[in-house]
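Here's what the structure looks like:
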């Protein structure tokens, strides 16, 4: 008997080693894209928009930065925690002696989502924090990196134009 559900597209590049050294741009969305992580407050005049974290957003940032201790080969280069999603540039910079197999981007994101959800559930035990999976882009070259970095920086200012925007 065939399933009537649509076949899920595998979001990762085939034949690519996501544990290899390099820079990765990731986006993690909240469950049902609920605005539970932060609030974007419009700036006045030349003042840029400001992000105000919720309790969940504070936990999300803390856990994101703690990943660098958990995975010494990882550097969190740029990030922004928006109301219903997180953008980050993760850099796998060197191999750690004694770590075998080395972690992949999926391993790192899975650990992040699990640890963040566990911490958030201390505030609300039944909370579903993140959607299944995540979006990624392998950063290829300086121009690609600069475009991603600019997007992350400008994301709060362009929140009302974002495809993930909800009121």
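Residue numbers (my numbering): 3 to 169. Glycine included, every Cβ here is placed at the ideal spot set by N, Cα and C. Values in this document were obtained by computation on a predicted structure and should not be read as measured data.
Anyone know if the C-beta pair for residue i and residue j falls short of 8 Å?
{"i": "residue 33", "j": "residue 66", "result": "no"}
{"i": "residue 27", "j": "residue 111", "result": "no"}
{"i": "residue 137", "j": "residue 29", "result": "yes"}
Going by DSSP, name the residue or residues bridged to residue i.
{"i": "residue 40", "result": "55"}
{"i": "residue 138", "result": "28"}
{"i": "residue 92", "result": "26, 78"}
{"i": "residue 87", "result": "31"}
Taking the beta strand (DSSP E) that residue i belongs to, which residues open and close that run?
{"i": "residue 81", "result": "76 to 83"}
{"i": "residue 131", "result": "Where residue 131 is concerned, there is no enclosing beta strand (DSSP E), given that its DSSP letter is neither H nor E."}
Would you give the residue range spanned by the alpha helix (DSSP H) that residue i belongs to?
{"i": "residue 117", "result": "107 to 122"}
{"i": "residue 146", "result": "144 to 156"}
With distances taken from CA atoms, which of the options is nearest residue i?
{"i": "residue 130", "options": "39, 96, 43, 138", "result": "39"}
{"i": "residue 197", "options": "118, 120, 42, 93", "result": "Here the chain has residues from 3 to 169 only, and residue 197 is not among them."}
{"i": "residue 64", "options": "151, 82, 37, 31", "result": "82"}
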